[in-house]
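Note that the sequence shown covers residues 52 to 426 in the working numbering.
Note that the Cβ used here is the ideal one computed from N, Cα and C, for glycine as well.
Step one of this worksheet: look at the structure below.
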Amino acid sequence: MATLMNRRQWLKTGALAAAGAAVGRDLPALARHAPTARRAFDGPIRLHSNENPFGPSAAARQAMQAAFDAGCRYPSGFYGALEALIAEREGLTAEHVVLGGGSHEVLRMAGMAYGLDGGEVLTAYPTYEGMENYAASVGAYVHRVPLDDAFLVDLDAMDRRTTQAVKLVFLCNPNNPTGTMLPGEQVRAFCEAVSRRAVVLVDEAYHEYVTDPAYASMTDLVRRGHNVIVSRTFSKIFGLAGLRVGYGLARPDLAERLRRFRGGSSVNVLGLRAAAASYRDADFVAFSRARNAEARAFATTLLEDRGHRCLPSHTNFVFFHLRRDVRAFAEQMRQQGILVGRPFPPFLDWCRLSLGTMDEMRAFAAAFEAVMTQP
């Protein structure tokens, strides 16, 4: 077995350089648009929550500073500007846009709106649990459909399981925790068919990270008036996870139903202004996407060199076959100063690794080597 030093040198100079050449080519030009990456607080390196380590952007920081004087005002009066900005880009009206405290609150609204009084909801398994947890908490019956053998959401099985009793169908694309993506034409056909029987909620939290030309957003179905809700967030590529801003896109009557379950102060003034600035900042999005691809190439090369299968990722994390209990591994990595993803049953020997800065990924490589060579 190669020594740690030899392996790290190889990763820096050999296969990693080849893997990262394409994504690294544009980084110098983009770097001027981003803030300097910094540790937000002392403590372990956070590779467990799918955060953007480079945000908030410089534009978002300036917008927050400019909004300080409005901190004495309730936020509802400030919703309109962000709603109008999103609606214009998506070819919708402001009545189609539902703001929330991250997309998590949009999922909560949907879970409550369609899960109350024993409503039935349908979801893939495993996937992001926000919607189903809220639905279950208000008495909904949750149907779970396992992923297929390729770790993809099984659209055919979900279609078959959507009876007239099901009120809401949840689809995360790309999926969390697997990072896998379904082609847009397949998702669109599924949504068009299933939305005749139930409302379909498509979670596009990682939308801005996807570069595969086969991918497509389902916002066109919203424009065409289908029973489809699309959820997005400013927590991922825009780097605003701590400010809690997300949004849903839906036909106005569906949007109004969701708003009935929105918290009274779920979004704050600084978050609204930062989100608007970030939404306009195409250079920061491109920078974050390129840096993420660089870190993903590094992580995938490292893990596959050690014989760990990595699922193709279209997100800011990698789901890999650890081949040991992830719960024990997570504790060992925590002792090394690295936090990795929580268990995702039934794949308890797989690990979700969020992507950080290159310094953080190199620290992960060293800790991973130390942990995996322990008896």
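Query                                                                                                                   : Result
Per DSSP, the bridge partner or partners of Asp254                                                                      : Cys223 and Ser282
Alpha carbon of Val281 to alpha carbon of Leu136, nearest angstrom                                                      : 16 Å
Segments assigned beta strand (DSSP E), at least 3 residues, entirely inside the stretch 116 to 178                     : 148 to 151 and 171 to 176
Cβ-Cβ separation, Leu219 to Ala249 (assumed contact under 8 Å), whole Å                                                 : 6 Å
Environment of Arg347 [buried if 16+ CB atoms lie within 10 Å]                                                          : buried
Presumed contact (8 Å Cβ cut-off) between Asp254 and Leu143, rounded CB distance                                        : Actually they do not touch by this definition, with Cβ atoms about 18 Å apart.
Counterpart residues of His428 in DSSP-defined beta bridges                                                             : Residue numbering for the chain in the displayed model covers 52 to 426; residue 428 lies beyond these limits and cannot be assessed.
CB contact flag (Ala186, Gly166, <8 Å)                                                                                  : yes
Three-state class that DSSP yields for Phe398 in the structure shown                                                    : strand
C-alpha gap between Cys123 and Asn319, whole angstroms                                                                  : 11 Å
As assigned by DSSP and simplified to three states, the class of Pro303                                                 : helix
Span of the alpha helix (DSSP H) around Tyr330                                                                          : Val320 to Arg331
Residues of its chain near Phe119, where Cβ-Cβ distance is below 7 Å and the 5 sequence neighbours each way are ignored : none
Backbone CA spacing between Val74 and Met423 [nearest angstrom]                                                         : A caution first: Val74 carries a pLDDT of 47, below 50, which makes its placement in the model too unreliable to give a value.
Contained beta strand (DSSP E) runs [length at least 3] in the stretch 176 to 249, N- to C-terminal order               : 192 to 197 and 217 to 223
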